[in-house]
Every structure is written in structure tokens, then in C-alpha cells.
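Peer 1:
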Amino acid sequence: MFASATAALAAFTDATRLYALEGDGPFTHMQVERWSGTEALSSCYAWTVDALSTDADLSLDAMLGQRCALRTTQADGTRTRRSGLVREAQLLGADGGLARYRLVLVPWLWLLSQGRHSRVFQDKSVLDIAEAVFADYAPHAAWSISPDARALVGQVRPRSYAVQYRETDLAFIERLFAEEGLGFSFSEDEDAGAGHTLHIFGDASQLPEDVSSAANPLGGLRFHRAAAVEASDTIQAIGPTRALAPDAVTLLSYDYKALAGSAASVAVDGAQGQREAYDPVGMYAFADSREAQHYAQLAAQAHEAQQQRWEGRGSVRSARAGTRFRLAQAPWEAVGAPMPDGFVWTTLHHAGINNLPEAVQHAAQEQLGDGDDYADIHHAVAPALWQQADAVGYAQHFEAVARALPWRPALEDDHGLRLNPRPTVPGVQTAIVVGPEGETSPGASGPLHTDGLGRLKVKFHWMEQGASCWLRSVQRYAGQRSRCAVPAAHRPGSAGEFHGRRH
Numbered sequence: 016m017f018a019s020a021t022a023a024l025a026a027f028t029d030a031t032r033l034y035a036l037e038g039d040g041p042f043t044h045m046q047v048e049r050w051s052g053t054e055a056l057s058s059c060y061a062w063t064v065d066a067l068s069t070d071a072d073l074s075l076d077a078m079l080g081q082r083c084a085l086r087t088t089q090a091d092g093t094r095t096r097r098s099g100l101v102r103e104a105q106l107l108g109a110d111g112g113l114a115r116y117r118l119v120l121v122p123w124l125w126l127l128s129q130g131r132h133s134r135v136f137q138d139k140s141v142l143d144i145a146e147a148v149f150a151d152y153a154p155h156a157a158w159s160i161s162p163d164a165r166a167l168v169g170q171v172r173p174r175s176y177a178v179q180y181r182e183t184d185l186a187f188i189e190r191l192f193a194e195e196g197l198g199f200s201f202s203e204d205e206d207a208g209a210g211h212t213l214h215i216f217g218d219a220s221q222l223p224e225d226v227s228s229a230a231n232p233l234g235g236l237r238f239h240r241a242a243a244v245e246a247s248d249t250i251q252a253i254g255p256t257r258a259l260a261p262d263a264v265t266l267l268s269y270d271y272k273a274l275a276g277s278a279a280s281v282a283v284d285g286a287q288g289q290r291e292a293y294d295p296v297g298m299y300a301f302a303d304s305r306e307a308q309h310y311a312q313l314a315a316q317a318h319e320a321q322q323q324r325w326e327g328r329g330s331v332r333s334a335r336a337g338t339r340f341r342l343a344q345a346p347w348e349a350v351g352a353p354m355p356d357g358f359v360w361t362t363l364h365h366a367g368i369n370n371l372p373e374a375v376q377h378a379a380q381e382q383l384g385d386g387d388d389y390a391d392i393h394h395a396v397a398p399a400l401w402q403q404a405d406a407v408g409y410a411q412h413f414e415a416v417a418r419a420l421p422w423r424p425a426l427e428d429d430h431g432l433r434l435n436p437r438p439t440v441p442g443v444q445t446a447i448v449v450g451p452e453g454e455t456s457p458g459a460s461g462p463l464h465t466d467g468l469g470r471l472k473v474k475f476h477w478m479e480q481g482a483s484c485w486l487r488s489v490q491r492y493a494g495q496r497s498r499c500a501v502p503a504a505h506r507p508g509s510a511g512e513f514h515g516r517r518h
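Structure (C-alpha cells):
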């Protein structure tokens with residue numbers, strides 16, 4: 016049995032397999048058995064791949080951090096890739112010369128979750144901050160910024176003061192992007208260090224069309240019932256999902272320099288009641304009411320994207336979150352019902368089973384079995400998907416939004432808690448007053464350094480580099496005689512934040 020299985024596995028060439036691994040070193044000795052994965056807009060995907068090999072001594076350490084790709088053969092014979100860096104490698108079992116391995120592939124952006132910093136960025140746009148953070152992750156990092164993303168960020172002033180306080184680089188970037196209404200997805204790029212590029216966008220309707228949808232002469236992906244003979248590259252079920260959401264979003268801030276408040280309220284599309292999401296966002300959050308309106312609009316659009324979703328299932332092997340598709344021969348066309356002019360995939364759950372020779376399948380079952388470790392890959396995906404994948408090789412469940420609906424990252428969970436919360440600072444932070452060049456001892460400019468409002472600059476002890484922005488200081492003298500006491504450079508002090516937040 017083992018000899019026949021080994022021979023069958025060796026004879027299983029690129030021309031005949033539905034799935035294959037692309038990579039150097041140990042990956043050349045592996046054959047994909049099955050895989051699953053979940054991907055979503057503004058989120059790091061993970062591909063979990065179970066693979067068989069006749070070598071039970073492949074080095075797991077040699078796999079970690081290496082570039083690898085899962086290659087899929089489509090119905091027309093073309094091939095698509097899902098690349099990543101190996102985050103985890105595991106030997107699930109070995110017996111009689113046959114071994115089963117598990118690989119978890121993630122995008123290069125996942126590496127940002129392993130870096131944690133406390134630092135300040137001043138007078139930079141969110142995109143400038145992101146590029147400064149990404150630069151630390153060369154040579155894996157590869158990214159592109161769409162014109163619509165630059166246009167969206169260009170509607171507001173650069174951030175005068177942005178703090179990353181005990182945050183991972185990934186949490187920091189995800190928070191900034193969510194606050195600015197920016198989304199991101201990944202596209203395959205063989206010339207990139209990790210095999211793919213991070214794409215930052217501001218208008219989801221301009222995302223590229225899925226290759227299968229664009230190539231279909233019917234004008235989009237075909238809608239058809241679930242059946243083994245019709246399972247390739249079709250949408251088999253799709254329908255709308257609606258959920259309650261706030262009816263309006265109201266934001267409020269106060270500018271101590273202008274001695275004026277800025278507020279804006281925006282209705283959520285499809286509102287049916289008087290549920291208001293009211294958020295006093297802190298001091299000096301907006302330059303004026305126009306900026307307040309801009310951010311209130313983004314928050315309202317985030318609620319609308321969660322409120323008006325479409326869910327479905329299909330077998331489109333080229334499908335990726337961050338691409339759009341059109342639908343042909345939908346059932347509602349026959350009755351003249353209105354339908355969206357295209358959709359954008361926002362979340363996809365994938366399941367795939369390779370077309371291994373029967374001798375290999377039988378040997379794997381007999382020698383390696385379906386132990387608990389092997390069953391873990393099933394738990395992340397609905398059983399119905401595995402049933403379809405077992406019959407035809409691939410299955411998917413997805414969420415989408417109508418192309419015409421602006422998509423923004425969700426800001427809150429179902430309990431109203433922030434998904435990307437700003438770090439909070441309990442109590443008072445110690446700091447040292449610095450001079451105009453960040454010096455911590457009196458220089459040629461003298462011991463005092465303030466601006467026209469009497470504010471001073473400090474350096475917090477947790478900062479990696481640079482000086483803080485201008486901070487207002489509490490004066491112990493006040494009254495008609497206008498007396499004040501300004502801390503000198505190099506003097507220690509303490510600082511607190513309104514709402515406990517650092518921007």
C-alpha cells in the first residue's frame with residue numbers, strides 16, 4: 016500500500032493537481048491535501064494548508080517566515096495564487112513513510128503585529144504615517160495607495176499630533192485607517208517580497224473586477240443552483256441581509272484656541288427611528304464644522320455598510336476580498352426586480368480539497384487517520400462548505416455590499432465598543448520640559464520656551480524619540496494682573512489628558 020501511494024504521489028504532476036504549493040526548499044516536497052481560509056477587507060487573511068509528504072524530517076524552522084503560495088487551477092486551465100509568509104509550521108503526524116504537515120500563511124502586514132512602539136508623529140497625514148511605519152518592514156513590505164485614498168485623506172488637515180502608545184504597529188495602522196475611512200486589501204504580485212501587495216483605498220467601487228467575472232461573456236458570474244456538474248465558478252446562492260443601526264451619528268469637539276465648538280450630525284441611510292450615536296470625541300478633534308461633517312459622514316457610512324449586506328455561497332475559485340463582481344442570470348431578473356449593479360466581496364470563507372489519487376487518499380486515511388489535530392481545520396469552516404468541497408474541490412461562503420454603497424471599516428462591535436480603540440492613559444504621566452530643538456537642558460535660547468498661548472513642549476519618558484507637541488500648562492496664578500509661572504526647560508513635570516486619550 017505504501018509503495019503504491021508513494022508512486023502515485025510522485026506521479027502527481029503540476030498539470031493534474033487542482034492545488035499545489037509554490038516555494039523553495041521543503042515546500043517542493045509537499046502535496047496539498049486540503050486548505051481553508053478566511054479573508055476580509057481591512058483584515059489580515061490566513062490560509063491554513065494541510066500537505067502530505069514522503070519526508071517526515073522536513074525542517075519546520077526552515078519554513079518559518081518563508082514566502083510560499085497556494086496555487087489553484089481554475090476551470091479554464093488558468094492559475095491563480097494566494098501567497099503569504101509561513102507564520103506557523105506543524106508536523107501533524109507521520110507513519111510508514113507518509114507525513115502530514117500544516118502550514119499557516121499570512122500577509123506581510125501581519126508582521127506589524129509583532130512590533131510594539133511608543134512614539135509620536137507630528138504634522139503628518141495618515142498615509143505619511145503609514146508609509147513611515149511600513150518602511151521598517153522591508154524587504155517584505157510592498158504597498159500601493161489609490162488616488163481615491165489620497166483624495167479622501169486630502170479633504171482634512173494633516174494630524175498635528177498622532178501618538179502610538181504601547182500599541183503594536185498593526186493595531187496603530189488599523190486604528191488610523193479606520194478613523195479616516197480608509198480600507199485595505201491584498202493583491203497578488205510575484206515581484207513583491209512576500210508575493211503580494213497591500214492596496215490602500217478610499218472608494219471600494221473602484222476596486223478591480225474579479226477576473227472570472229470580467230472574462231465571462233454573459234456579463235458577470237453565472238448564478239446557478241448547487242450541483243456537482245455546475246459547481247465551477249458560479250454563484251449558487253445570494254440574498255440581502257439587513258440589520259438595525261443608529262439613525263444618526265453626531266460628533267462634538269471643542270477648540271480652545273478658537274474658543275468655539277465644532278459639531279455635526281449625519282443621518283444613516285435607511286433610518287427608521289430616533290436612535291442617535293452621540294460621541295463627544297475630545298478637544299481639538301476638528302479644525303471646523305466642515306471637518307466635523309466629514310468624519311460624521313464616514314461614521315454614518317460605516318454603519319450603513321454593516322446594515323446593508325449581502326450573503327451567499329459559490330465556487331468562484333478566483334474570488335478575493337477587495338475585488339468586485341457582476342451577477343448574470345440572477346433569479347430576480349426574470350421577475351423584473353431591481354438588483355445592484357455589481358457587488359464588492361467584503362468577507363470570504365474558503366474550503367478546498369485536492370484531487371489526490373485514490374491510492375494516496377486511502378494511504379493517508381489508513382496511516383495518518385483523521386485525528387483531533389487534523390479535524391481542527393474543519394472547525395473554522397462550516398460543514399456545508401466541506402461537503403461541497405469534497406464533491407467538487409472548492410466551496411465558499413461570502414459577504415458582500417452593493418458596489419454603489421460606500422464601504423467603510425466598522426468602528427464598533429455589536430456592544431458599541433470600539434474595534435480599534437485608542438490607547439488610554441490612566442492617571443498622570445511624567446514628562447520633562449524641552450527646548451525648541453528638543454534639548455533637555457537650557458540652551459542659547461534661554462531657559463523658557465513657549466508659544467503665543469503660553470503652551471510649552473515636553474518629552475514624555477516613554478517616548479522613543481522626538482518631542483511632544485505643544486501642551487497647555489496649568490498656572491497657579493490667575494486674575495486681573497495676568498501673572499503666570501512657566502516651567503523652564505529641563506524641569507520635570509506631569510501631564511494629563513482629557514478623556515484619558517492621547518491622539
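If you use our numbering, the sequence shown closes out at 518, no skipped numbers anywhere. By construction, the Cβ of each residue, glycine as well, lies at the ideal position given by its N, Cα and C atoms. Note that this is a predicted model, so its numbers are computed, not measured.
Can you list, in chain order, the residues of its chain whose CB lies under 6 Å from that of Ala-292, leaving out five sequence neighbours each side?
Peer 2: Your numbering for residue 292 matches position 277 in the sequence shown. Pro-261, Val-264.
Peer 1: Going by beta carbon distance, what residues of the same chain come within less than 6 Å of Tyr-299, once the five residues before and after it are set aside?
Peer 2: Counting from 1 along the sequence shown, the entry for residue 299 is found at position 284. Taken in chain order, the residues that qualify are Asp-270.
Peer 1: Roughly how far, in whole angstroms, is the beta-carbon of Arg-96 from the beta-carbon of Glu-224, given that I think they are within contact range, below 8 Å?
Peer 2: Reading the sequence shown from its first residue, position 81 is the one you call residue 96. Reading the sequence shown from its first residue, position 209 is the one you call residue 224. Not quite, the Cβ-Cβ distance comes to about 18 Å (not below 8 Å), so this is no contact.
Peer 1: Going by C-alpha to C-alpha distance, which of Leu-142, Ser-58, His-318, Tyr-116 sits closest to Pro-122?
Peer 2: The residue given as residue 122 occupies position 107 in the sequence shown. Of the candidates Leu-142, Ser-58, His-318, Tyr-116, the one whose C-alpha sits nearest the C-alpha of Pro-122 is Ser-58.
Peer 1: Report the three-state DSSP secondary structure of Ser-277 (helix, strand or coil).
Peer 2: Residue 277 sits at position 262 when you count from the first residue of the sequence shown. Ser-277 falls in the strand class under three-state DSSP.
Peer 1: Determine the burial state of His-476: buried for a count of at least 16 other Cβ atoms within 10 Å of its Cβ, exposed for fewer.
Peer 2: As a working mapping, residue 476 is identified with position 461 in the sequence shown. By the 10 Å Cβ count, His-476 comes out exposed.
Peer 1: Hey, Phe-199 and His-214 are a contact pair by Cβ (cut 8 Å); roughly how many whole angstroms apart?
Peer 2: Stepping through the sequence shown from its first residue, residue 199 is reached at position 184. Stepping through the sequence shown from its first residue, residue 214 is reached at position 199. Indeed they touch by this definition, with Cβ atoms about 6 Å apart.
Peer 1: Would you give the residue range spanned by the beta strand (DSSP E) that Gln-105 belongs to?
Peer 2: Indexing the sequence shown from 1 puts residue 105 at position 90. Where Gln-105 is concerned, the enclosing beta strand (DSSP E) stretches over 94-110.
Peer 1: Any contact between the segment 131-142 and the segment 163-178? By contact I mean 3 or more CB pairs, one from each, below 8 Å.
Peer 2: Contact holds: three or more Cβ-Cβ distances are below 8 Å.
Peer 1: For Ala-246, collect the residues of the same chain with a Cβ closer than 6 Å to its Cβ; drop the 5 residues on either side in sequence, then sort them by chain order.
Peer 2: Residue 246 sits at position 231 when you count from the first residue of the sequence shown. Any reading at Ala-246 must be qualified, since the residue scores a pLDDT of 45, below 50, and its modelled position is unreliable; no value is offered.
Peer 1: Report all residues from its chain with a CB closer than 8 Å to the CB of Ala-77; omit the five preceding and five following residues, and keep chain order.
Peer 2: Counting from one through the sequence shown, the residue named residue 77 turns up at place 62. So the qualifying residues of the chain are Gly-40, Pro-41.
Peer 1: Among residues of its own chain, excluding the 5 on either side of Glu-54, which ones have a beta-carbon nearer than 6 Å to its beta-carbon?
Peer 2: For the purposes of this step, residue 54 is taken as residue 39 along the sequence shown, with counting starting at 1. Counting only Cβ-Cβ distances below 6 Å, and skipping sequence neighbours, we find Tyr-60, Ala-336, Leu-363.
Peer 1: For Gly-469, which three-state DSSP category applies?
Peer 2: Translated into the one-based positions of the sequence shown, residue 469 becomes position 454. Correct three-state label for Gly-469: coil.
Peer 1: Under DSSP, the alpha helix (DSSP H) around Tyr-176 begins and ends at which residues?
Peer 2: Taking the first residue of the sequence shown as position 1, residue 176 is located at position 161. Premise fails: Tyr-176 is in no alpha helix (DSSP H) and is neither H nor E.
Peer 1: Could you tell me the distance, in whole angstroms, from the CA atom of Leu-259 to the CA atom of Gly-431?
Peer 2: In the sequence shown, the residue the question calls residue 259 occupies position 244. In the sequence shown, the residue the question calls residue 431 occupies position 416. Approximately 13 Å, taken between the alpha carbons.
Peer 1: With distance defined between alpha-carbon atoms, name the residue in Asp-163, Arg-190, Val-375, Leu-113 nearest to Val-145.
Peer 2: Indexing the sequence shown from 1 puts residue 145 at position 130. Looking at the sequence shown, residue 145 is not Val but Ala. Taking only the C-alpha atoms, the option nearest Ala-145 is Arg-190.
Peer 1: I need the straight-line Cα distance from Pro-438 to Glu-182, nearest angstrom please.
Peer 2: Working through the sequence shown from its first residue, we reach residue 438 at position 423. Working through the sequence shown from its first residue, we reach residue 182 at position 167. Straight-line Cα distance between these residues: approximately 7 Å.
Peer 1: Pick out whichever of Ala-209, Met-478, Trp-485 has its Cα sitting closest to the Cα of Leu-2.
Peer 2: Since the first and last residues shown for the chain are 16 and 518, residue 2 lies out of range.
Peer 1: Identify which residue in Val-489, Gly-453, Gln-251 has its Cα closest to the Cα of Lys-474.
Peer 2: On the sequence shown, position 459 is the one that residue 474 refers to. Looking at the Cα atoms, Gly-453 is the closest of the given residues.
Peer 1: Enumerate, from N- to C-terminal direction, the unbroken alpha helix (DSSP H) stretches of 4 or more residues contained entirely within the segment 266-340.
Peer 2: DSSP runs (the alpha helix (DSSP H)) wholly in the segment 266-340: 304-322.
Peer 1: Does the separation of the CB atoms of Val-13 and Phe-192 fall below 9 Å?
Peer 2: Look at the range of the chain in this structure, 16 to 518, and you will see that residue 13 is not part of it.
Peer 1: In its own chain, which residues sit with a C-beta less than 6 Å from the C-beta of Gln-312, not counting the 5 before and 5 after it?
Peer 2: Taking the first residue of the sequence shown as 1, we reach residue 312 at position 297. Within the same chain, Gln-312 has close Cβ partners Val-281.
Peer 1: Give me the DSSP bridge partner(s) of Thr-249.
Peer 2: The sequence position of residue 249 within the sequence shown is 234, counting from 1. DSSP, once it has assigned bridges, lists Arg-237 as partnering Thr-249.
Peer 1: In the DSSP output, which residue or residues are listed as bridge partners for Gly-431?
Peer 2: Here residue 431 refers to the residue found at position 416 of the sequence shown. In DSSP, Gly-431 forms no bridge with anything.
Peer 1: Taking Cβ to Cβ, would you say Leu-113 is nearer than 9 Å to Ser-51?
Peer 2: Numbered from 1 along the sequence shown, position 98 holds the residue referred to as residue 113. Numbered from 1 along the sequence shown, position 36 holds the residue referred to as residue 51. Not in contact: Leu-113 and Ser-51 (Cβ atoms no closer than 9 Å).
Peer 1: Flag this pair as yes or no: are the beta carbons of Leu-267 and Ala-343 separated by less than 9 Å?
Peer 2: Your numbering for residue 267 matches position 252 in the sequence shown. Your numbering for residue 343 matches position 328 in the sequence shown. No, Cβ-Cβ distance for Leu-267 and Ala-343 is not below 9 Å.
Peer 1: By the 10 Å Cβ neighbour count, where 16 or more other Cβ atoms means buried, how is Gly-217 classified, buried or exposed?
Peer 2: The residue labelled residue 217 in the question sits at position 202 within the sequence shown. When all chains shown are included, Gly-217 counts as buried.
Peer 1: Express the C-alpha separation of Phe-187 and Leu-434 in angstroms, rounding to a whole number.
Peer 2: To locate residue 434, count along the sequence shown from 1; it is residue 419. To locate residue 187, count along the sequence shown from 1; it is residue 172. Cα to Cα, Leu-434 sits roughly 12 Å from Phe-187.
Peer 1: Near Leu-33, what residues of its chain come up, given a Cβ to Cβ distance below 6 Å and the 5 sequence neighbours on each side ignored?
Peer 2: The residue given as residue 33 occupies position 18 in the sequence shown. Closer than 6 Å at Cβ, skipping near neighbours: Thr-88, Asn-369, Asn-370, Gly-408.
Peer 1: Could you check where the alpha helix (DSSP H) with Phe-192 kicks off and where it finishes?
Peer 2: Position 177 of the sequence shown, counting from 1, holds the residue named residue 192. Its alpha helix (DSSP H) spans residues 184-195.
Peer 1: Just to confirm, is the Cβ distance from His-155 to Leu-185 under 9 Å?
Peer 2: Stepping through the sequence shown from its first residue, residue 155 is reached at position 140. Stepping through the sequence shown from its first residue, residue 185 is reached at position 170. No, the pair does not count as a contact, with Cβ atoms beyond the cut-off.
Peer 1: How would you label Asp-248, buried or exposed, when you count the other beta carbons within 10 angstroms and need 16 or more for buried?
Peer 2: Position 233 of the sequence shown holds residue 248. When all chains shown are included, Asp-248 counts as buried.
Peer 1: For the beta strand (DSSP E) that contains Asp-65, what are its first and last residues?
Peer 2: What you label residue 65 is simply residue 50 of the sequence shown in a count that begins at 1. 61-68 is the extent of the beta strand (DSSP E) around Asp-65.
Peer 1: Which two residues bound the contiguous alpha helix (DSSP H) that contains Val-407?
Peer 2: Reading the sequence shown from its first residue, position 392 is the one you call residue 407. Start and end: 398-407.
Peer 1: Three-state secondary structure (DSSP) at Leu-383?
Peer 2: Along the sequence shown, one-based indexing puts residue 383 at 368. DSSP places Leu-383 in coil when its eight states are reduced to three.
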